[in-house]
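> Can you read through this structure? Questions will come right after.
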Amino acid sequence: MTVELNKTIDHTLLKPEATEAQIKMLCEEAAEYDFMSVCINPTWVKKAAELLSGTDVKVCTVIGFPLGANTSEVKAFEAENAIQNGATEVDMVINIGALKGGNDALVQSDIESVVNVSKGRALSKVIIETALLTNEEKIRACELAKKAGADFVKTSTGFSTGGATLEDIKLMRATVGPDMGVKASGGVRTTEDAKQFIEAGATRLGSSNGLAIVKG
1 MTVELNKTID
11 HTLLKPEATE
21 AQIKMLCEEA
31 AEYDFMSVCI
41 NPTWVKKAAE
51 LLSGTDVKVC
61 TVIGFPLGAN
71 TSEVKAFEAE
81 NAIQNGATEV
91 DMVINIGALK
101 GGNDALVQSD
111 IESVVNVSKG
121 RALSKVIIET
131 ALLTNEEKIR
141 ACELAKKAGA
151 DFVKTSTGFS
161 TGGATLEDIK
171 LMRATVGPDM
181 GVKASGGVRT
191 TEDAKQFIEA
201 GATRLGSSNG
211 LAIVKG
């Protein structure tokens with residue numbers, strides 16, 4: 001495999017009950033195994049940025065998480081606040097109800113509210129929550145994220161009814177083309193899973209099982 005597995009992994013801990021000690025351990029593991037990033041809730045961004053200072057590990061956080069149902073203004077503020085605190089990547093959840101209701105203009109402007117804050121400062125990833133969408137809706141969501149100027153599309157929050165599937169990754173990759181990032185999250189647990197998702201078109205993997213993936 002040409003791609004180094006560790007550099008595809010967003011080492012993730014988004015549980016609401018995560019403690020400072022657990023976040024510290026997550027950051028230490030990410031630094032030791034040279035993962036691409038840690039993905040944590042906004043309350044931990046400043047601490048993670050301190051802990052990872054001097055390493056190559058990026059600090060990724062989540063915006064409008066996990067429902068995507070707050071207003072665009074709040075999402076923009078969350079992104080701005082996270083970036084000021086040291087986040088270098090932001091994973092935002094789309095307005096899922098607007099997408100399912102056919103309000104594509106709102107979905108796009110909602111994504112843009114975060115993309116515009118992040119441009120040139122942090123990578124933007126757009127969580128479309130595939131488990132709640134039809135294939136047609138998944139395609140529309142990816143097209144809108146691309147139009148809005150986001151850097152990545154991402155399958156799932158890990159807090160809904162299902163995670164990434166190989167079929168969804170293939171569909172998302174086919175929709176966005178070769179240049180945009182595609183992140184699989186939810187259900188990436190083993191080395192074999194990771195390889196299959198990358199083969200299907202994923203360029204980033206969100207997982208709380210990063211150690212198991214790299215250790216095989």
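Quick note on numbering: the sequence shown equals residues 1 to 216 in UniProt numbering. Where is the CB? At the ideal position from N, CA and C, for every residue including glycine. Just so it is clear, the structure is predicted and the values come from calculations on it, not from any experiment.
Could you give the distance in angstroms between the alpha-carbon of Ile83 and the alpha-carbon of Phe35?
By one-based count along the sequence shown, residue 83 stands at place 83. By one-based count along the sequence shown, residue 35 stands at place 35. Roughly 20 Å separates the two Cα atoms.
> May I ask you to list the residues that DSSP assigns as paired with residue 217?
Within the shown structure, residues of the chain are numbered from 1 to 216, placing residue 217 beyond reach of any answer.
> Between Gly206 and Val153, what straight-line distance do the alpha-carbon atoms span, to the nearest angstrom?
In the sequence shown, the residue the question calls residue 206 occupies position 206. In the sequence shown, the residue the question calls residue 153 occupies position 153. Going from the Cα of Gly206 to the Cα of Val153 covers about 12 Å.
> Where does Gly216 fall in DSSP's three states?
Residue numbering aside, residue 216 sits at position 216 when the sequence shown is read from its first letter. Looking at Gly216 - three-state DSSP - the assignment turns out to be coil, as it is neither helix nor strand.
> Pick from Thr88, Glu4, Ser118: whose alpha carbon is nearest that of Val57?
One-based indexing of the sequence shown puts residue 57 at position 57. The residue from Thr88, Glu4, Ser118 with its alpha-carbon nearest to that of Val57 is Thr88.
> Hey, is Ala145 close to the ligand GTP, as in C-beta under 7 Å from one of its heavy atoms?
Inclusion of the ligand GTP in the displayed structure is not the case, the ligand content being empty and no account of it being possible.
> Just tell me which of Ala49, Thr191, Gly54, Phe65 has its CA closest to the CA of Ser156.
Position 156 of the sequence shown, counted from the first residue, corresponds to residue 156. It is Phe65 whose Cα lies nearest to the Cα of Ser156.
> Hey, out of Gly86, Glu73, Glu80, Asn81, whose CA is closest to Asn95's CA?
Counting from one through the sequence shown, the residue named residue 95 turns up at place 95. Among Gly86, Glu73, Glu80, Asn81, the Cα nearest to that of Asn95 is on Glu73.
> What are the partner residues of Ile127, as DSSP defines its beta bridges?
Start at 1 with the first residue of the sequence shown, and residue 127 comes out as number 127. Residue pairing by DSSP places Ile127 opposite Val93, Lys154 in a beta bridge.
> Could you give the residue range of the beta strand (DSSP E) that holds residue 222?
Since the first residue of the chain shown is 1 and the last is 216, residue 222 is not available in this structure.
> From the DSSP output, in three-state form, read off Val45 for me.
Position 45 of the sequence shown, counted from the start, is the residue given in the question as residue 45. Here Val45 sits in helix by DSSP.
> Just tell me which of Met180, Val214, Arg204, Asp179 has its CA closest to the CA of Glu192.
Position 192 of the sequence shown, counting from 1, holds the residue named residue 192. Ranking the options by Cα distance to Glu192, first place goes to Val214.
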